[in-house]
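So the sequence shown is numbered by our numbering: it starts at -13 and just counts up by one.
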Amino acid sequence: MEAVELLLAAGADPLLVSLGEENLTAIGFAAQKGHRDIIKRLWTFCPPEAHLNPGRRHVTCFLVAALHGHAAVVEDLLDWWDGWPHDQRYRALLGAAHRWRFGVVTLLLDRTSFEISILQEALQVATDSRRLMSDGDDGKCDGIDFLNQQRVVELLIDAGADPNACPNNTPLLYTVSHDANLTGVLKSLLEKGADPNKTNGSGKSALHVVAEAVIIGRPIHIIGRPEPTMMNETAIRLLLQHGASVTQPDNAGECPLHWAAYGLDLRLFRLYHSSCPEIGRDALLQVTNNYGETLLHFAAAGCRMEVMEFLISQGLDVNARNANGWTPLMCALVPIKSRFGRVKSTGEAIQAARSLLSHGANACIVTDEGWTPLHALSLHGDYDATGKMADSARDLLSRGISPESPARMLIPDSRTVVPSLGLPWGHRLRDVMADPSAQRLEVLPAMSPLYWAATRGAVGVVRALLAHGVDLSPMDEDGISPTRMAAESRFLERQPGLADTIVELLLAAGAGF
-13 MEAVELLLAA GADPLLVSLG EENLTAIGFA AQKGHRDIIK RLWTFCPPEA
37 HLNPGRRHVT CFLVAALHGH AAVVEDLLDW WDGWPHDQRY RALLGAAHRW
87 RFGVVTLLLD RTSFEISILQ EALQVATDSR RLMSDGDDGK CDGIDFLNQQ
137 RVVELLIDAG ADPNACPNNT PLLYTVSHDA NLTGVLKSLL EKGADPNKTN
187 GSGKSALHVV AEAVIIGRPI HIIGRPEPTM MNETAIRLLL QHGASVTQPD
237 NAGECPLHWA AYGLDLRLFR LYHSSCPEIG RDALLQVTNN YGETLLHFAA
287 AGCRMEVMEF LISQGLDVNA RNANGWTPLM CALVPIKSRF GRVKSTGEAI
337 QAARSLLSHG ANACIVTDEG WTPLHALSLH GDYDATGKMA DSARDLLSRG
387 ISPESPARML IPDSRTVVPS LGLPWGHRLR DVMADPSAQR LEVLPAMSPL
437 YWAATRGAVG VVRALLAHGV DLSPMDEDGI SPTRMAAESR FLERQPGLAD
487 TIVELLLAAG AGF
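If you want it as structure tokens, here you go:
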């Protein structure tokens, strides 16, 4: 305080605005740190309106104190002057809610009457991840922070905000269910009346979301570093306890139970399965989506081995075909990208396929798109150091699958910088092939599995097909060869060694370029 008095006595202007991004006056910096004595001294130095001064570009001390959670300072400023504009109070409420400042939100709700639309906006930001305060804020949150978030959410709902609101046609409950760190907020929303079966524009509920692993959210996302994920059993149980339905279909006829077969282990899948006593458990296992895809299609697509074995033991058909001819075997083999970008591994696909084949899956099926299991296996780029890809290809060939069967393949269009290895599966593929440009894809002319394997870098499949004696001649009058397909593949641009290996194998076998 002595330094402040000396500077004021020497003529220092407390209303000067700092340079840089902060744009604060002296009282603003004091509010940032919560120095009540300094704030009181600077407050009395000039009329209250001077601290607001709409003609000067700076953040008011009132707003700064609210954002930094200094409830005592906010209370002082409200006591000293009742002329704070409604816009300042509105911005303070939103900022405090987004930063989970329970004390400040409590005070503002007690001292100001806000419109329902403002309360609703505050609830929406309060259910989000905590907003960072500055460049130096690492975003770390402790247990007390998440508890304060819950209390802020409950306060706003008690003040009149609607827990069933759907900003952008998406329920708050659906949004928070994507992040395991927001499970406490999910609990608060449910206890305050949020409908667990409310859906987004695609007909999906929160129980659809937690049927797969969800992120353990971090406030700072580093590009290129995958987000940590977990199966959120706590959220699943909370939703089920509050009446969430495992059989409520989305717009594609896919209920949460379908996605539980795809994304959860057997124990959690059974938690979904056992939660619907009004429907016989055997009957529940027969549920299909609008395209005839069974629970086994979904479990195979997710390579959920224990769930697959359970469903097969309960009598589900390993050769059930969906509307465009896909069986669980095809779903198991095609590389599928998960919600967070991870693509099914070659090992997972082979293990799931072998299990289905051991239970009588037909290897010679052909989908409506002309795809065979050999085409699907060829989509996995792999040096095949263990030889498992080659073994699987030989196994499929020994079961009578045609090595020359042509089918059209999807590749990225010219707008794509880094092509995705994941592909749509089942009925989704039919929809994408009908309008590939919408997904930044192109459809190549029909080609045999050798061309597919060369394009995608499936070394083991190339070896097996060459040993089988497949036709190496160019596929049309333009002279496009599998060798050139490998050399010019967009998928192999960042893996030149893989492309070189395939080119060498093909040239050694007598293929032209």
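We treat Cβ as the ideally placed atom computed from N, Cα and C, and that holds for glycine.
Are the CB atoms of residue j and residue i within a distance shorter than 8 Å?
i, j, result
"residue 129", "residue 87", "no"
"residue 166", "residue 134", "no"
"residue 239", "residue 275", "yes"
"residue 497", "residue 451", "no"
"residue 172", "residue 246", "no"
"residue 472", "residue 432", "no"
"residue 341", "residue 375", "no"
"residue 488", "residue 456", "no"
"residue 29", "residue 70", "no"
"residue 112", "residue 90", "no"
"residue 477", "residue 405", "yes"
"residue 367", "residue 301", "no"
"residue 292", "residue 251", "yes"
"residue 74", "residue 46", "yes"
"residue 213", "residue 132", "no"
"residue 285", "residue 322", "no"
Can you tell me where the alpha helix (DSSP H) holding residue i begins and where it ends?
i, result
"residue 242", "242 to 249"
"residue 291", "291 to 299"
"residue 29", "22 to 29"
"residue 107", "102 to 112"
"residue 440", "435 to 442"
"residue 453", "445 to 454"
"residue 479", "First-last for residue 479: undefined, no H or E at that position."
"residue 157", "Segment: none, residue 157 is in no alpha helix (DSSP H) and carries neither H nor E."
"residue 237", "Counting along the chain, residue 237 falls outside any alpha helix (DSSP H), and DSSP gives it neither H nor E."
"residue 14", "12 to 19"
"residue 501", "An answer regarding residue 501 cannot be provided, because it is not within the stretch -13 to 499 covered by the chain."
"residue 130", "129 to 144"
"residue 258", "252 to 259"
"residue 194", "192 to 195"
"residue 267", "267 to 270"
"residue 151", "It is not in any alpha helix (DSSP H) - residue 151 carries neither H nor E in the DSSP assignment."
"residue 35", "34 to 38"
"residue 286", "281 to 287"
"residue 228", "Run containing residue 228: none; DSSP gives neither H nor E here."
"residue 473", "468 to 473"
"residue 180", "Run containing residue 180: none; DSSP gives neither H nor E here."
"residue 416", "413 to 420"
Along the chain, where does the beta strand (DSSP E) that runs through residue i open and close?
i, result
"residue 428", "427 to 429"
"residue 398", "396 to 398"
With residue i and residue j assumed to form a contact (beta carbons below 8 Å), what rounded beta-carbon distance in angstroms separates them?
i, j, result
"residue 273", "residue 254", "Their Cβ separation, rounded to whole angstroms, is 17 Å, which puts residue 273 and residue 254 out of contact at 8 Å."
"residue 192", "residue 163", "4 Å"
"residue 409", "residue 320", "6 Å"
"residue 347", "residue 382", "About 11 Å separates the two Cβ atoms, so there is no contact after all."
"residue 550", "residue 335", "Residue 550 cannot be examined here, being either before or after the span of the chain that is shown, -13 to 499."
"residue 317", "residue 412", "6 Å"
"residue 155", "residue 183", "The Cβ separation is near 16 Å, so there is no contact."
"residue 393", "residue 361", "5 Å"
"residue 466", "residue 427", "In fact, because the Cβ distance is near 19 Å, the residues do not count as touching under 8 Å."
"residue 309", "residue 277", "4 Å"
"residue 373", "residue 483", "Not quite, the Cβ-Cβ distance comes to about 18 Å (not below 8 Å), so this is no contact."
"residue 168", "residue 95", "The Cβ separation is near 22 Å, so there is no contact."
"residue 115", "residue 170", "Incorrect: roughly 13 Å between the Cβ atoms, too far for contact."
Give the DSSP bridge partners of residue i, in chain order.
i, result
"residue 216", "200"
"residue 165", "201"
"residue 320", "None; residue 320 has no bridge partner."
"residue 329", "323"
"residue 377", "Beta-bridge pairing links residue 377 to no other residue."
"residue 393", "433"
Beta-carbon of residue i versus every beta-carbon of chain B: anything under 8 Å?
i, result
"residue 192", "No chain B appears in the structure shown, which is made up of a single protein chain."
Quick one: does the C-beta of residue i sit closer than 7 Å to a heavy atom of the ligand PLP?
i, result
"residue 149", "Ligands are entirely absent from the displayed structure, and the ligand PLP is therefore not among its contents."
* **Contiguous beta strand (DSSP E) assignments of at least 3 residues, all confined to the segment 42 to 96** => none
* Quick one: which unbroken alpha helix (DSSP H) runs of 4-plus residues sit fully inside the segment 346 to 374? Chain order, please. => If you keep only unbroken alpha helix (DSSP H) runs of at least 4 residues inside the segment 346 to 374, you get 359 to 363.
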